[in-house]
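Quick note: the working numbering has the sequence shown finishing at residue 440, numbered continuously throughout.
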Amino acid sequence: MAIVARGFPGLTFGTTPWSATDSTKRTPAKESGLARCWQSFDFSDSSKVTPTIKEEVRRHGFPQSIRADAYFFLSGGSILQRQYPPGAYNALAASTSNLSDDAIYSVEDDVGNARVLFKDTRLFSTAKGAEVLSRIIFAYIQHNPACGYFKGLASIAALLLTAFGKEREEQAFWTLVALLERRLFPSTNGQVPAGARTDVQVLQLLLAQKLPALVTLLTKFGADAMDTFCYTWFSTAFTRVLPYEVVLRIWDCVVVEGPKVSLRVAMALIKMCSSSVQSCTNIEVLCRVVESRLSRFQDANALLSVAFRGLGSLSSTAVDAARTRASASLQRSHSAHPTPLSAGASSNAMCSLSTSSGGSSNSSSRTLLKQVSIWPSPKTSGILSTA
């Protein structure tokens, strides 16, 4: 029995778990017969990503058996790893000397939440998987101190780990860096809270061109309605919005095509939620209704079809122009209403916790190679709950 999803024309929410659906689940039989385009594909050469490859990824995603390699090479993770001296990741992961207690406790809480979110995966059924996840998170917030810790980092890193496995921990880390800094938020160098706020503004500008009637409906909920409605989509890279097999299909396209994909997916979700936007009376109700429906949404093929075929053309020039306008608008807003240092991060910034001041991420990483304070295992130190 399936329930028709109001607000998602032509789509249904089945009672069968998402992992059993054909559109996102690949069986061993399917994996054994890779599409011809993958059989001799050289992932180390990103110039080989042809229009045919892009279309294959849009239609079918990466086969599970090659997804980790595809992410590591095509995101730029392998290039990043080579740019740093051997041992750079281990040094970053082993040190918490630059972190505040608040940052460490926030990581602990979010790792616990990620274990719940991914409770059906073998990786996080034991404390070992959680320890690996913690090391990757601690390494990232020290690699990019300008970003610091933000809610959602754990779920993004956890989903990457499910693709890589704990045996490829270091590759998962460098892929995380590349995904955030080069594919999802290149305009802010991986500073996710700032990048997500910018993307919300860009989304609103693009919606005004593509779906003006929906923008009018959303603005009836207030000036900050778009931020309230969509910020988490971007700041968590959809990991706390959609089932994670659907998210992986989105990421497959992001790895190949870059940040435009997130904007297309967000516009597609809003378009598919149009009846909910029309019927809900306030933004809080709308958020609850859409959150409930998206958490059960299983059809990645339908979503990506709307994203890439149901919105018309979306040139890089148009996106860049919208991003420039959005960045300027946010800068003016920040200058007019500076946030007091004592006030901390805004609620929409999802608790960004800076880990140090100044300096580039590269210099920060190399400094840590010289001055490493060994981080005790969360299992023995009590930093990480094993419950």
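Positions of the beta carbon are idealized from the N, C-alpha and C atoms, including for glycine.
At which residues does the alpha helix (DSSP H) containing L229 begin and terminate? First-last of the alpha helix (DSSP H) with L229: E222 to A231.
Taking Cβ to Cβ, would you say I336 is nearer than 9 Å to A278? Cβ atoms of I336 and A278: closer than 9 Å.
Which two residues bound the contiguous alpha helix (DSSP H) that contains E234? Annotation: E234 is outside any alpha helix (DSSP H) and is labelled neither H nor E by DSSP.
Please report the distance separating the alpha-carbon of S441 from that of K107. Lying outside 54 to 440, the shown extent of the chain, residue 441 is not represented and no answer is given.
If you measure between the beta carbons of D163 and I194, is that distance less than 9 Å? Not a contact, by the Cβ cut-off of 9 Å.
Could you tell me if Q331 is buried or exposed, where buried requires 16 or more neighbouring beta carbons within 10 angstroms of its beta carbon? Q331 comes out exposed.
Rounded straight-line distance, which links the Cα of R221 to that of F96: If you take the alpha carbons of F96 and R221, they lie about 17 Å apart.
Do A375 and L258 have their C-beta atoms within less than 9 Å of each other? With contacts defined by Cβ atoms closer than 9 Å, A375 and L258 form a contacting pair.
P265 burial status per 10 Å Cβ neighbour count (16 or more: buried): The residue is exposed, with fewer than 16 neighbouring Cβ atoms inside 10 Å.
Give me the Cα-Cα distance between W227 and G205, rounded to the nearest whole angstrom. Rounded to whole angstroms, the gap between the alpha carbons of W227 and G205 is 17 Å.
Short of 8 Å in beta carbon distance, which residues of its chain neighbour D309, apart from the five on each side in sequence? Order them along the chain. One detail in the question is off: residue 309 reads as Val in this sequence, not Asp. Counting only Cβ-Cβ distances below 8 Å, and skipping sequence neighbours, we find V102, I106, K107, V110 and L127.
Do L357 and C306 count as a contact pair if the criterion is CB distance below 9 Å? Yes, these two residues count as a Cβ contact at 9 Å.
With distances taken Cα to Cα, identify the nearest neighbour of F217 among A360, L301, K324 and R120. The shortest C-alpha separation from F217 is found at R120.
For A247, I'd like the list of residues in its chain whose CB is within less than 7 Å of its CB, leaving aside the five on either flank, ordered along the chain. Here the set comprises T241.
Excluding five sequence neighbours on each side, which residues of the same chain lie with their C-beta closer than 6 Å to the C-beta of Y185? It is worth fixing the name first, because residue 185 is Val in this sequence and not Tyr. If we look at V185 and ignore the five residues flanking it on each side, its Cβ neighbours are K219 and E222.
Let's test the definition: count the other Cβ atoms within 10 Å of the Cβ of P198 and tell me whether it reaches 16, buried, or not, exposed. By the neighbour-count rule (16 or more Cβ atoms within 10 Å), P198 is buried.
Supposed contact pair V245 and L233 - C-beta distance, whole angstroms, cut 8 Å: With 8 Å as the limit, L233 and V245 qualify as a contact, their Cβ atoms being about 6 Å apart.
Let's see if you can read the secondary structure: which residues bound the alpha helix (DSSP H) around S118? Taken as a continuous stretch (DSSP letters only), the alpha helix (DSSP H) holding S118 covers Q117 to L127.
Note down, in chain order, each residue of its chain lying with its Cβ closer than 6 Å to the Cβ of L212, except the 5 sequence neighbours on either side. Within the same chain, T292 and Y297 come within 6 Å of L212 by CB-CB distance, once the 5 residues on both sides are set aside.
Can you round the beta-carbon distance between F282 and L339 to whole angstroms, since I take them to be within the 8 Å contact cut? 7 Å between Cβ atoms; contact.
Express the C-alpha separation of L270 and V343 in angstroms, rounding to a whole number. Cα to Cα, the separation comes out at about 15 Å.
Leaving out the 5 sequence neighbours to the left and right, which residues in its chain are closer than 6 Å to F115 when beta-carbon positions are compared? Apart from the 5 residues on each side of it in sequence, F115 sits with its Cβ closer than 6 Å to the Cβ of A123 and D305 in its chain, given in chain order.
Rounded straight-line distance, which links the Cα of V169 to that of L145: Their backbone Cα atoms lie some 26 Å apart in a straight line.
Ends of the alpha helix (DSSP H) at D305? That run of the alpha helix (DSSP H) goes Y297 to E310.
For S178, count neighbouring C-beta atoms within 10 Å of its own C-beta (all shown protein chains included) and say buried if the count is 16 or more, exposed if not. Exposed, because fewer than 16 other Cβ atoms sit within 10 Å of the Cβ of S178.
Can you tell me the Cβ-Cβ gap for A363 and A321, rounded? I've got them flagged as a contact below 8 Å. The question names Ala, but residue 363 is Gly in the sequence shown. Approximately 7 Å separates the beta-carbon atoms of G363 and A321; this is inside 8 Å, confirming the contact.
Assigned secondary structure, K101 (DSSP; H/G/I helix, E/B strand, else coil): In this structure, K101 counts as helix in the three-state DSSP scheme.
Under the three-state DSSP convention, the category C333 falls into: C333: coil per DSSP, three-state reduction.
Beta carbon of Q254, beta carbon of R385: below 9 Å? For the 9 Å CB-CB criterion, Q254 and R385 do not form a contact.
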